[in-house]
Amino acid sequence: MTRHIDQYSDNVHDQAVIARLYDIARNGDTDGSELRELDAEIQAGLAAAYGESEPLPEHSMAA
Numbered sequence: 004m005t006r007h008i009d010q011y012s013d014n015v016h017d018q019a020v021i022a023r024l025y026d027i028a029r030n031g032d033t034d035g036s037e038l039r040e041l042d043a044e045i046q047a048g049l050a051a052a053y054g055e056s057e058p059l060p061e062h063s064m065a066a
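Letter by letter, the sequence shown follows residues 4 to 66 of the numbering used here.
What follows is the structure, encoded as C-alpha cells:
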C-alpha cells in the first residue's frame, strides 16, 4: 500500500516529501526511482482527497 500525503498536513513526513520534490525539480536531479516513489505518494494523496478508492492507471493518457 502506498502512503499518501496531504498538502495541508502538519505531518513532518508529508512536508519532507513536498520539500524533496521541489528540490529535485529545482536542481534537475534525475533519480527516476525516487521521483516514482514521490509521485506514487502524491497520486495516492490526490486520490484520497478526491474520494477515489482505486489507484489511477500508470499511463492514463491514450496513445
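Every residue, glycine too, gets a C-beta built ideally from N, C-alpha and C.
Exercise. Would you say I27 reaches chain D, if we count a Cβ-Cβ gap shorter than 8 Å as a contact?
Worked result: In summary, chain D is missing from the structure at hand, where a single protein chain is found.
Exercise. Going by the CB atoms, is the gap between E37 and I27 shorter than 8 Å?
Worked result: On the sequence shown, residue 27 is found 24 positions in, with the first residue counted as 1. On the sequence shown, residue 37 is found 34 positions in, with the first residue counted as 1. It is a contact, given that the beta carbons lie within the stated cut-off.
Exercise. Quick one: is V15 buried, meaning 16 or more other Cβ sit within 10 Å of its Cβ, or exposed?
Worked result: By 1-based counting over the sequence shown, the position of residue 15 is 12. Exposed: under 16 other Cβ atoms inside 10 Å.
For this session: With distances taken Cα to Cα, identify the nearest neighbour of Q18 among Y53, E44 and A52.
Result: Within the sequence shown, residue 18 is the residue found at index 15, counting from 1. Of the listed residues, the one whose Cα sits closest to Q18 is E44.
For this session: Identify whether Y53 lies in helix, strand or coil by the three-state DSSP scheme.
Result: On the sequence shown, position 50 is the one that residue 53 refers to. Y53 falls in the coil class under three-state DSSP.
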